[in-house]
Each structure stands twice: as structure tokens, then as C-alpha cells.
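Residue numbers (this note's numbering): 12 to 138.
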Amino acid sequence: MRSNSLPKSILECRCPRCRTGKVFSHSAFNLAKFNRMNERCPHCDVRLEPEPGFYQGAMYVSYAFTVAFIVIIGILLYYLANDPNEWVYIGTVIGVMIVLAPLNYRYSRIIYLYSFGGIRYNPALSK
Ligand SMILES: [Zn+2]
């Protein structure tokens, strides 16, 4: 039996119930389709959108990620680039957030689904 630890399942965007099926139907690097989710888990068939509009709450997780990245980038630039012009801060933050947008989008939804989706892990369903 494969080990399906919680951190590994979140990192790999796996279904919270079986920790085997994938939540997203395409790779995060597919820029046209990185946001496409499976309606149901391809492995255990649980609904991955527990109720209509469920994922609107994921924007709070996304906001927390964004603030964390702004603080981290700000601290790194202050110490590593010796407190550059404010436009360097703004440009770097915007650039990094655009590059990380697919990951921010996906992990916001995954963390929100694991936290508030009400789906319990069932080890008997995992592969
Ligand atoms: Zn599943």
C-alpha cells in the first residue's frame, strides 16, 4: 500500500477522501487549463465541489498566500538587494505573483477543500 500522508496528498492535489484521485484534471504548467477541476474524484467518485460556490471561500486562503509572499519578498529584497527603490519591490512582487498564480490558485482551493470541504479521509478507499 502506498503511503498517503496528509502533507503529501495536499502537495500533490489529491482527493481528501481517498488521497489517490487527482482534484485537477490538467497540470499546473498547462496555462490554458491549470484551473480545470474534476467534478468528481476519478478514483472514489466523491463530489469535489461540496456545494455550489464552495470555492469562493478559497479567495481568503489566496489572499493569505499573497500577503505572505509580499512580506517574504519584501524582507528578502531589503536584506539581499540592500533596500532598493520602491519600484523594484512593486515590480518584483507583481512578477512573482503572476508566475506563481497557477500554484496560488490550486493550493488555495486544495487547502480550502481539505479544511472546510467536510470530506473525511477513508484509508480503505486509497490505493
Ligand atoms: Zn477520491
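Glycine residues also receive a C-beta, built at the ideal position from the N, C-alpha and C atoms.
Can R120 be considered in contact with ligand 1, in the sense that its beta carbon sits closer than 7 Å to one or more heavy atoms?
Taking the first residue of the sequence shown as position 1, residue 120 is located at position 109. Incorrect: R120 has no Cβ contact closer than 7 Å to ligand 1.
V34 to I83, Cα distance in whole Å?
What you label residue 34 is simply residue 23 of the sequence shown in a count that begins at 1. What you label residue 83 is simply residue 72 of the sequence shown in a count that begins at 1. Approximately 29 Å, taken between the alpha carbons.
So, do the segment 80 to 97 and the segment 46 to 64 have three or more beta carbon pairs nearer to each other than 8 Å?
Contact fails: fewer than three Cβ-Cβ distances are below 8 Å.
Strictly by DSSP, which residues pair up with M48?
Counting from one through the sequence shown, the residue named residue 48 turns up at place 37. DSSP output for M48 lists F35 as bridge partner(s).
Ligand 1 and G64: does the residue's C-beta get closer than 7 Å to at least one heavy atom of that ligand?
Taking the first residue of the sequence shown as position 1, residue 64 is located at position 53. The answer is no for G64.
Taking C-alpha atoms, which residue in P27, L22 and N15 lies nearest to R131?
Within the sequence shown, residue 131 is the residue found at index 120, counting from 1. For the residues P27, L22 and N15, the minimum Cα distance to R131 belongs to P27.
According to DSSP, R58 sits in a beta bridge with which residue or residues?
Residue mapping note: residue 58 aligns to position 47 of the sequence shown, counting from 1. The partner list for R58 (beta bridge, DSSP) reads R51.
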